[in-house]
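Counting from 753, one number per residue, gives the positions in the sequence shown under the working numbering.
Idealized CB from N, CA, C, for every residue including glycine.
Have a look at the structure below before the remarks.
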Amino acid sequence: MMRTYHCFWLLFWAGQPHQSFLTPLSKRTSGFPEKEKVLVLSGNSRRDLHRSKRSWMWNQFFLLEEYTGTDYQYVGKLHSDQDKGDGSLKYILSGDGAGDLFIINENTGDIQATKRLDREEKPVYILRAQAINRRTGRPVEPESEFIIKIHDINDNEPMFTKDVYNASIPEMSDVGIIKTALLNMDRENREQYQVVIQAKDMGGQMGGLSGTTTVNITLTDVNDNPPRFPQSTYQFRAPESMPPDSPVGRIKANDADVDENAEIEYSITEGDGYDMFGITTDKDTQEGIITVKKALDFENKNLYILKVEATNTHVDPRFLYLGPFKDSATVRIQVEDVDEPPVFSRPAYIMEVKEDVPINSVIGTVTAQDPDAAKNPVKYSVDRHTDMDRVFNINSGNGSIFTSKPLDRETLLWHNITVIAAEINNPKQSSRVPVFIKVLDVNDNAPEFAMFYETFVCENAKAEQLIQTLSAVDKDDSYSGHQFSFSLAPEAASSSNFTLQDNRDNTAGIFTRKTRYNRHEISTYFLPVVISDNDYPIQSSTETVTIRVCACDHRGKMLSCNAEALIHPTGLSTGALIAILLCIIILLITVVLFAALRRQRKKEPLIISKEDIRDNIVSYNDEGGGEEDTQAFDIGTLRNPEAIDDNKLRRDIVPETLFMPRRTATARDNTDVRDFINQRLKENDTDPTAPPYDSLATYAYEGNGSVAESLSSLESVTTDGDQDYDYLSDWGPRFKKLADMYGAMDSDKDS
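Have a look at this one:
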């Protein structure tokens, strides 16, 4: 369909009189009337108002979109009233697409489109035109604005928003936007449909464009199909050894529906195996699993017939007219015979035997049979893991159990053994049964004291005084209760110093027969007592009571006797006291030996006189000798070299060697202390037995020839009595202070 376009002419007033004219078009384009499009520019820079000649112009151009020609598409022409045709004016273009999409001939003012235009991208272009003087570059007309509109053509087909549409409707549905062409469309026959839809523009008229899309239509399922068994009868085989809850087989009813519409529930409705079998539904496969509920027995029943029903769990009431949504089938289960182990007549056996039965006595019999139709013979044996001592044995043919060793109820009351029954033809087919054997009591044990009795009697005891009560026990079992009798042994009945009284309540008392006992004559009595029971055969034993004689106070309290453990039951025993005493003796011996060894090592000083005073010389920078370097030395000889004795030994310690140290001859005349020390050092350096006691120091020795001689107070060690210090006054003024001090001491002493 073609559209009619209208062109509007606008009239502009010019600033000065001029003649308007139309310039011929350089090229023409198809689709428009053959008219020249001219945009006339007019204007005057002068302010004088003059009436100008009217001229027509285009203020709006139209172009066809999607131009397919080989040349540029002609748009229109610009023309100014000032253009005299002499080439003095120049036309310029600006705005949307100027210079790129739209170009202008600067001499003629012709406008052309250089590219193919698309209205859907940009429908309108706004441009501005102006004429300028080539020589001066000044505009001769004001800038004018015009519009280029793109004319639409039918170049776009209708487009769907999606390439493919997916839709689903329930089967058997009524009309929708997309209508079903068939009545009661069945999903089970066809589930997927694909429809192509076309859309045309221009109302479907000739020359219009069209677009297509695809619609995939899926029919959703409804429960319109009942389950159906593919066969009416199923047969399975089950061995009789199958344990309960074991699966026998699977059956499946087919349902053309899907998902929850195809869910099936199975049940056993009737049959002779209704209580022997069960059926469950596998949710993944929708199969019915037949299982065993109870143990099968081929010999008892070998064929079961069941009726199984399959029913939909989700039924749609709209389709009940199609029939019941369930189906049934018959299941036949054949029980197979299996070689079974022998079966005992009882699940367990309890037997009793007296403990005094002879060896090889039969105490009972077990019985087992082969449950199979073959009735294979059975042999018996005892599981030796349950009878390690081989107390019992069994006849392998008839199952009779007999003793092979003596029994003792007091040692073991119950014997729990296991008997094995196995088929002779197939020993692997075996079964086990527990046998509990109780050993019955016979009176084969004599009564005895309930504890060891050791008592005492006071030396000052009186006659007929109770000193001890006795009781007894019996390992045997008595149905009517034990009845013990007590009596003294015949050898002690007449000569004993004590009497025994049976209390008839399974106890007896010991009494004194005389007054006063002497522990120095007899310290201990041993009283034999005979104890008898009242069962058959009567058993008796002789027990001994130990009685010690002890010293007691007037209240009968024990003071002392040979049995110290009786006096102080919570104290230490004699053995413990002896052990403690031995430990103390060993400890004392160890201390004495250690002290003796220490005494041998210690060097005993020989000087014990209080008057023998020594000066201790200690050297702190000497690494040898240790604490022994603090021994005292007699350095009096250092003050007086004439007092040197070559054979004089050290008197402060015991000599450790048997030989005498070598000494060199020393000069006695005018010997200096320094020479004496050097000589002694030399001697000790060459003496291997000399200790490192050579750290000596001297004080106040002035050497030979001194008028005052030595001033050291150490000289007093070698002198007896008081000294006279008057000579200090003769030594001059330097010693006046010293003379006053010692002179004063003498005067004080005299006074």
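Between residue i and residue j, is the Cβ-Cβ spacing less than 8 Å?
i        : j        : result
Lys-1059 : Thr-1032 : no
Asp-1079 : Phe-988  : no
Ala-1100 : Val-1185 : yes
Ser-1247 : Val-1282 : no
Phe-1188 : Ile-1274 : no
Tyr-1132 : Val-1118 : yes
Tyr-819  : Gln-812  : no
Glu-893  : Arg-880  : no
Ser-998  : Val-947  : no
Val-1191 : Leu-1165 : yes
Ile-1016 : Asn-1064 : yes
Ala-1224 : Asn-1258 : yes
Val-1114 : Ile-1153 : yes
Val-916  : Thr-966  : yes
Pro-978  : Asn-1006 : no
Leu-841  : Arg-886  : yes
Asp-1124 : Asp-1091 : yes
Ala-1244 : Leu-1279 : yes
List the whole-angstrom C-beta distance separating residue i from residue j, where the pair is believed to meet the contact cut-off of C-beta under 8 Å.
i        : j        : result
Gln-1235 : Asn-1286 : 4 Å
Arg-871  : Glu-909  : Contact flag wrong, Cβ pair sits at about 15 Å.
Leu-845  : Ile-900  : Going by Cβ atoms, the distance from Leu-845 to Ile-900 rounds to 11 Å, so no, they are not a contact pair.
Glu-1175 : Asp-1135 : Wrong, their Cβ atoms sit about 17 Å apart, outside the cutoff.
Arg-1300 : Thr-1276 : 5 Å
Glu-1061 : Ser-1019 : 5 Å
Gln-1038 : Ala-1014 : 6 Å
Glu-992  : Val-1087 : 5 Å
Thr-1155 : Val-1105 : 7 Å
Ser-962  : Gln-950  : 5 Å
Lys-1227 : Asn-1197 : 4 Å
Phe-1250 : Glu-1216 : Not quite, the Cβ-Cβ distance comes to about 11 Å (not below 8 Å), so this is no contact.
Assign residue i to one of three DSSP states: helix, strand, or coil.
i        : result
Gln-1431 : helix
Gly-847  : strand
Ser-1156 : coil
Gln-944  : strand
Asp-1439 : coil
Gly-1327 : helix
Asp-862  : strand
Asp-1492 : helix
Ser-1142 : A quick correction: the sequence has Arg, not Ser, at residue 1142. Arg-1142: coil per DSSP, three-state reduction.
Leu-1164 : coil
Pro-1485 : helix
Pro-1069 : helix
His-831  : strand
Arg-1256 : coil
Ile-1169 : strand
Phe-1050 : coil
Gln-1352 : helix
Ser-804  : For Ser-804, the pLDDT reaches just 42, beneath the cut-off of 50, and the residue's location in the model is therefore unreliable, leaving the point undetermined.
Leu-1334 : helix
Arg-1307 : coil
Would you mind reading off the limits of the alpha helix (DSSP H) that contains residue i?
i        : result
Asn-1014 : According to the sequence provided, residue 1014 is Ala. The question's Asn does not apply to it. Premise fails: Ala-1014 is in no alpha helix (DSSP H) and is neither H nor E.
Glu-897  : No alpha helix (DSSP H) contains Glu-897, which is instead part of the beta strand (DSSP E) from 896 to 903.
Tell me the residue span of the beta strand (DSSP E) that contains residue i.
i        : result
Ala-1244 : Here Ala-1244 belongs to no beta strand (DSSP E); instead the alpha helix (DSSP H) covers 1242 to 1245.
Thr-1480 : According to the sequence displayed, residue 1480 carries Leu and not Thr. It is not in any beta strand (DSSP E) - Leu-1480 carries neither H nor E in the DSSP assignment.
Met-954  : That residue, Met-954, is in no beta strand (DSSP E); it is neither H nor E in DSSP.
Lys-1059 : 1055 to 1064
Ser-1080 : 1078 to 1088
Ala-1303 : 1292 to 1304
Pro-1280 : 1276 to 1284
Ala-883  : 876 to 885
Ser-1133 : 1130 to 1134
Arg-980  : Run containing Arg-980: none; DSSP gives neither H nor E here.
Gly-1116 : 1114 to 1117
Phe-1029 : 1029 to 1034
The ligand GDP and residue i: does the residue's C-beta get closer than 7 Å to at least one heavy atom of that ligand?
i        : result
Ile-1102 : As presented, the structure is devoid of all ligands, the ligand GDP included, so that no description of it is given.
- Query: Which whole runs of the beta strand (DSSP E) in the segment 1192 to 1236 are 3 residues long or more, in chain order?
  - Reply: Correct list: 1206 to 1210, 1218 to 1225.
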